[in-house]
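Residue numbers (this note's numbering): 9 to 450.
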């Protein structure tokens with residue numbers, strides 16, 4: 009899955025908005041299924057260790073985001089030293105890694121780590137220690153690996169997105185290379201101090217935008233690894249269609265996202281906050297909410313419109329900001345001064361740019377939809393049957409619903425990897441077409 013969208017500034021008080029958004033989503037789900045509000049609290053009390061599950065998932069999220077950021081900074085900044093061509097190649101590879109469906113990443117890890125190598129994952133296959141079961145070192149190693157396994161898998165797709173962001177956003181910063189070199193600043197200091205200090209505010213916004221996609225990543229990973237956390241519990245509730253539990257998941261997910269975005273505010277550097285209704289609406293975990301809606305509505309081919317709407321709304325702020333920047337650079341005022349009629353101004357200046365931007369948005373939305381459908385099929389396998397035959401054949405290996413499906417995937421992951429590769433290639437091509445078609449006037 010990928011959340012590579014045009015850069016957009018978050019609204020003010022983003023953590024508070026995410027918390028309110030989770031509360032509103034939970035209330036809407038309860039009212040749609042005619043459940044009272046008290047069901048939410050009784051359901052939270054009935055789940056054993058619900059707070060511990062949320063805390064465990066939050067630790068995995070923090071570890072995964074931290075590892076992805078560190079790896080992306082190291083790879084992206086070193087690629088900057090290798091020249092523009094290698095930097096472009098690394099950016100494309102990062103974008104390709106971000107386009108691999110998360111379910112393919114996690115089951116590829118399981119089939120390789122456990123199926124081929126026979127190595128342990130504490131939540132699936134315990135490590136065998138003959139005579140040191142009570143050793144503190146062994147208990148610590150078990151606990152670390154229990155959390156590190158999902159965190160490492162979570163960091164992989166996030167790392168691909170962040171590598172692309174480090175390289176892409178690095179070109180948007182001020183080029184101080186010549187002035188710093190003239191002042192005798194060492195090359196390492198120029199890169200890791202001055203360039204990084206400019207890059208951190210942009211990366212903070214990118215990390216906050218990734219947080220809106222992270223709950224879906226986490227649910228798929230914890231469900232596949234049987235990690236005892238918030239995501240594993242919510243995956244079971246989604247498949248069962250339990251409306252109160254899904255509403256509780258939206259509320260608790262909003263709390264975790266608000267906490268993560270509040271912690272990211274501690275990173276140095278600030279950017280101007282976005283105003284307006286579009287930014288407020290777009291900076292919400294729409295895909296996460298769409299999965300909750302898909303779990304509750306009857307399966308039909310029209311249910312996929314929920315995913316399409318979620319993709320369009322989630323990317324609207326970035327495309328709206330892009331259009332505002334392009335519109336400000338168009339020579340409209342000069343054309344009016346020379347007496348050009350409005351129809352001629354629209355035809356010569358606005359129409360071509362708007363059509364190109366619309367095509368770029370549609371290509372990007374189709375790429376996002378391909379990957380979001382993969383996530384939905386992995387969590388709700390019944391939805392595969394509502395696709396037409398070519399798409400159903402493509403997505404069916406990703407819908408691992410039974411023990412037999414798991415055993416077959418572990419024995420031969422070829423079908424899973426082929427489907428994931430085709431989806432990733434199609435999404436990458438659409439994103440590349442979107443980047444080519446998107447107008448850039450400056």
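For each residue, glycine too, the CB sits at the ideal point set by N, CA and C.
Bear in mind the structure is a predicted one, so any value in this text is a computation, not a measurement.
Helix, strand or coil at residue i according to DSSP, with G and I counted as helix
i           : result
residue 31  : helix
residue 129 : strand
residue 14  : coil
residue 408 : coil
residue 267 : helix
residue 208 : helix
residue 107 : coil
residue 143 : coil
residue 413 : helix
residue 447 : coil
residue 98  : helix
residue 172 : helix
residue 136 : coil
residue 153 : helix
residue 24  : helix
residue 47  : helix
residue 262 : helix
residue 215 : helix
residue 276 : coil
residue 291 : coil
residue 252 : helix
residue 112 : helix
residue 55  : coil
residue 421 : coil
Residue i versus the options, residue with shortest Cα-Cα distance
i           : options            : result
residue 363 : 221, 132, 113, 445 : 445
residue 119 : 207, 413, 430      : 413
residue 156 : 208, 88, 233       : 233
residue 374 : 337, 435, 276      : 435
residue 303 : 97, 144, 45, 37    : 37
residue 128 : 168, 281, 173, 154 : 154
residue 423 : 401, 291, 439      : 401
residue 77  : 295, 172, 263, 403 : 172
residue 15  : 312, 218, 166, 236 : 218
residue 29  : 299, 266, 273      : 266
residue 39  : 252, 370, 74       : 252
residue 359 : 447, 437, 442      : 447
residue 440 : 354, 210, 278, 371 : 371
residue 67  : 325, 277, 160, 247 : 160
residue 406 : 385, 396, 393      : 385
residue 328 : 285, 247, 215, 311 : 285
residue 132 : 240, 18, 205       : 240
residue 34  : 298, 438, 143, 115 : 298
residue 60  : 316, 312, 18, 235  : 235
residue 409 : 71, 376, 248, 334  : 248
residue 170 : 58, 342, 403, 84   : 84
Nonlocal neighbours in the same chain, by C-beta distance under 7 angstroms from residue i, ignoring five residues either side
i           : result
residue 260 : 62, 238
residue 415 : none
residue 2   : Missing from the structure shown is residue 2; the chain here goes from 9 to 450 and no further.
residue 31  : 259, 262
residue 295 : 221, 224, 318, 322, 380
residue 108 : 165, 428, 432
residue 45  : 38
Run of the alpha helix (DSSP H) containing residue i, from where it starts to where it stops
i           : result
residue 377 : 359 to 387
residue 328 : 324 to 337
residue 230 : 222 to 233
residue 398 : 397 to 403
residue 247 : 238 to 248
residue 340 : 340 to 345
residue 300 : 294 to 304
residue 61  : 58 to 89
residue 350 : 350 to 353
DSSP beta-bridge partners of residue i
i          : result
residue 19 : 282
Close beta carbons around residue i, own chain, < 6 angstroms, minus the five adjacent residues each side
i           : result
residue 150 : 130
residue 168 : 102, 105, 106
residue 82  : none
residue 64  : 237
residue 164 : 113
residue 75  : 163
residue 23  : 266, 269, 270
residue 135 : 128
Same chain only: Cβ atoms within 8 angstroms of residue i, ignoring 5 sequence neighbours per side
i           : result
residue 339 : 357
residue 418 : 118, 119, 122, 123
residue 95  : 87, 88, 175
residue 205 : 276, 277
Below-8 angstroms beta-carbon distance, residue i vs any chain B residue
i           : result
residue 315 : Given the protein chain composition of this structure (a single chain), no chain B is represented.
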